[in-house]
Each structure stands twice: as C-alpha cells, then as structure tokens.
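Q: Going by my numbering, the first residue of the sequence shown is number 10, and it counts up by one from there. Glycine included, C-beta positions come from ideal geometry on N, C-alpha and C. From a predicted model like this one, the values you see are computed outputs, not experimental measurements.
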Amino acid sequence: MATTKSKKTAKKTASKSKAPVSTASVDTKATIVSAATDESPMKGFFSRKSDPNENILTIFKTPRIYGAILGEVIGTMLLTMILLLLGVYQPMYIMFGVIAITGAIYGLSGANLNPIITVGMMASRRISAIRGVLYILAQVLGAWFAYLLSSAFINTAGDNAAAKLPVMAEVPDGKFWVVTMIEFVGAIILGFFFVRALMYKRSTLTFATIYGTGICVALLITIVISSSFLQLQNNFILNPAAALMYQVLPTSGDTFGAVLGSVCLALLTYIIFPMLGGVIGFALGDVSSRLAGEPHCCGKECAKK
Numbered sequence: 010m011a012t013t014k015s016k017k018t019a020k021k022t023a024s025k026s027k028a029p030v031s032t033a034s035v036d037t038k039a040t041i042v043s044a045a046t047d048e049s050p051m052k053g054f055f056s057r058k059s060d061p062n063e064n065i066l067t068i069f070k071t072p073r074i075y076g077a078i079l080g081e082v083i084g085t086m087l088l089t090m091i092l093l094l095l096g097v098y099q100p101m102y103i104m105f106g107v108i109a110i111t112g113a114i115y116g117l118s119g120a121n122l123n124p125i126i127t128v129g130m131m132a133s134r135r136i137s138a139i140r141g142v143l144y145i146l147a148q149v150l151g152a153w154f155a156y157l158l159s160s161a162f163i164n165t166a167g168d169n170a171a172a173k174l175p176v177m178a179e180v181p182d183g184k185f186w187v188v189t190m191i192e193f194v195g196a197i198i199l200g201f202f203f204v205r206a207l208m209y210k211r212s213t214l215t216f217a218t219i220y221g222t223g224i225c226v227a228l229l230i231t232i233v234i235s236s237s238f239l240q241l242q243n244n245f246i247l248n249p250a251a252a253l254m255y256q257v258l259p260t261s262g263d264t265f266g267a268v269l270g271s272v273c274l275a276l277l278t279y280i281i282f283p284m285l286g287g288v289i290g291f292a293l294g295d296v297s298s299r300l301a302g303e304p305h306c307c308g309k310e311c312a313k314k
C-alpha cells in the first residue's frame, strides 16, 4: 500500500513540475494564422453564395419560390405606383414608401423590387440565374399592374385632363450620354447601398431604412445634376421595370430604321447601363466590405441554406 501511494504521489509531483505552455508560442501561431487570412481578403470573392443545387428543375419543387415571386410582383407594383403618381421629384415621400414596402416584402423575396438590384445579386452570385430571371419577370409584371391601376384612377384622356400620369420627356439631341450617365451613376449608388444594407439583414427595419435612404440619396444627386446643372426635366427613373411603364421606348418615327435606332438608344439609357451600374455598385460594396475586414453577407437567399 505504501508503495502504491508513493507512486501516485510521484506522478502528481511530476505532472505539477511540467513547464507551462508558452503563451508566446500561442500568440505567434495566432499571428501567423491572422496574417495568412489578411493576405487574401478577396479569397472566395467570386465564389457562388446561393444554393448550388438551385436550377430550373429544382426551383419550383418548394412553394417558397411562388411566395417570393408574388412578393416581387406586389412590391414592384406598389413602388411603381408611387413613382407613377409622384414622379421622381419627391425623394422624401419615395424614401418612406420604399422603407414600408421593403419591410413588408423582405421576408418573402429579399425585396429586390428593381432589375438593377436583381442583376447585381445575380452578378455577385447571391442568387441563381433562374431565380434572377423569375424576379425580373415578376418586377416587369408588377410594374405593368401598377400602370393599369394608376390609369384606372386617373383621367388621362385628352390634353385638358384634370390629372395625368407623368411621362418621361424625350432625351434632347446631344444629351443622350448625359442622361445615360445620370442613370448609370444613380444605379451605382443604389447597388452600393443595397450591399451595405445586406450587412444588417437580421434587422428588417434597419435593412429597409438603409436601402430607402440610399434611394433618397441617389434621387437627390440625380435631381441636382439633372435639373440644376443640366436643365433637364423628367429624364431619369433608376428602375428599368418602371421605365418601361413610363413608355420610354418610342413607337413612331419617320422610318423603321429611325424607330429601331431610337429604341436601341432608350434601351441603353434606361435598361442596359443602369443594370451595369448596379453590378458596379455591388462590386464596390463587396470590395469595401472585404477590405474593411467585415464578414461576407450573402443576403436573404443565402440565409435560407
């Protein structure tokens, strides 16, 4: 018994006599790991963030996509009605409307409500291509519904009508690139603010407020540039779906070639360049987040995975 007790005592003494782990070595390893991480802040920047199994064969297997599409239709319809009834020269009213609509729709689809945002989500691989196409179709459909409803309540017949829906003015000769750049810059701002808002996606109110404020900022900047410096009126909209309802595509001209040329210019100004601006805005938002060391945010659809 004495021998056994002496062995146990010897083991305890040996274990206590072991040298403590050096904190310096732990700190060194942590520094090496963090340094390796800091060396490549853009690692995985172009990787897919959406569900890799989502495609045209699988997307319709769950009812969730139908709710998302319906949300985009309703949200875009409400937003386009605000734009049709107020025009773009009421940025504060539009901001509060966007905050309310975004807060209501975000849980359904992420509240893109604009092809500019949807294309940015697709380009940054936050949503799949098939989901993005469905969202854009839903947005165009919602804008069409908005035009029908707005026309039903407003007398637009004749030049002496009591009230008329605002229409986009024709781009003056020589001002094509000016108006296009206004749309382009405004779309970049929208894309950037949406990415920043996604960092706070856990709070719907915060997300909606940041994005609504971003739309207000974009409208204020484009209004000042367009009206104050260039003396242009009603020449931008910052939403390709709503632009189609503003009848920006010409339907008459001297020849078919003239009509086709005017249609192509309108498509460049109000659809193609704004979507490109949205992609750049998303890229700027993602790059700034990565360089600041913030965790990457995928958005609503990634949170469902």
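Using a Cβ-Cβ cutoff of less than 6 Å, which residues in the same chain neighbour V7 once the five nearest sequence positions on both sides are dropped?
A: With the chain covering only 10 through 314, there is no way to say anything about residue 7.
Q: In angstroms with no decimal places, state the Cα-to-Cα distance between S159 and G266.
A: Going by the C-alpha atoms only, they are around 33 Å apart.
Q: Figure out for me which residue from R73, G84, L277 has the closest Cα to the Cα of V188.
A: Here the closest residue by C-alpha is L277.
Q: Quick one: what does DSSP say M208 is sitting in, helix, strand or coil?
A: Note: M208 maps to coil in three-state DSSP.
Q: Exposed or buried, which one is S297 when buried takes at least 16 other CB atoms within 10 Å?
A: By the 10 Å Cβ count, S297 comes out exposed.
Q: Using alpha carbons as the reference points, say which of A132, A120, R134 lies closest to Y5.
A: With the chain covering only 10 through 314, there is no way to say anything about residue 5.
Q: Can you give the Cα-Cα distance for T218 and T264, rounded to whole angstroms?
A: Computed Cα separation, rounded: 48 Å.
Q: For N248, count neighbouring C-beta atoms within 10 Å of its own C-beta (all shown protein chains included) and say buried if the count is 16 or more, exposed if not.
A: Buried.
Q: Is it buried or exposed, V233, if we count other Cβ atoms within 10 angstroms and call 16 or more buried?
A: Burial call: exposed.
Q: Per the contact definition of three or more C-beta pairs closer than 8 Å, is the segment 97-105 in contact with the segment 63-76?
A: The segment 63-76 is not in contact with the segment 97-105.
Q: On the DSSP letters alone, give me the boundaries of the alpha helix (DSSP H) that R215 sits inside.
A: In the sequence as presented, Arg is not what sits at residue 215; that position holds Thr. That run of the alpha helix (DSSP H) goes 213-232.
Q: Taking just the CA atoms, how far does G80 sit from I65?
A: Their Cα atoms are separated by approximately 20 Å.
Q: Note down, in chain order, each residue of its chain lying with its Cβ closer than 8 Å to the Cβ of R134, except the 5 sequence neighbours on either side.
A: So the qualifying residues of the chain are F55, S56, R57, K58, S59.
Q: Could you give the DSSP three-state label for P249: helix, strand or coil?
A: Helix.
Q: Under a three-way DSSP split, which group does V180 fall into?
A: V180 falls in the coil class under three-state DSSP.
Q: With distances taken Cα to Cα, identify the nearest neighbour of V288 among N243, V142, D182, G200.
A: Nearest option by C-alpha distance: G200.
Q: Taking the straight line between their C-alpha atoms, what separation do you get for P283 and E63?
A: Answer to the nearest angstrom: the Cα atoms are 27 Å apart.
Q: According to DSSP, is S297 part of a helix, a strand, or is it coil?
A: Helix.
Q: Exposed or buried, what is D4 when buried is set at 16 or more other beta-carbons lying within 10 Å of its beta-carbon?
A: Because the chain is modelled from 10 through 314, residue 4 falls outside the range shown and cannot be assessed.
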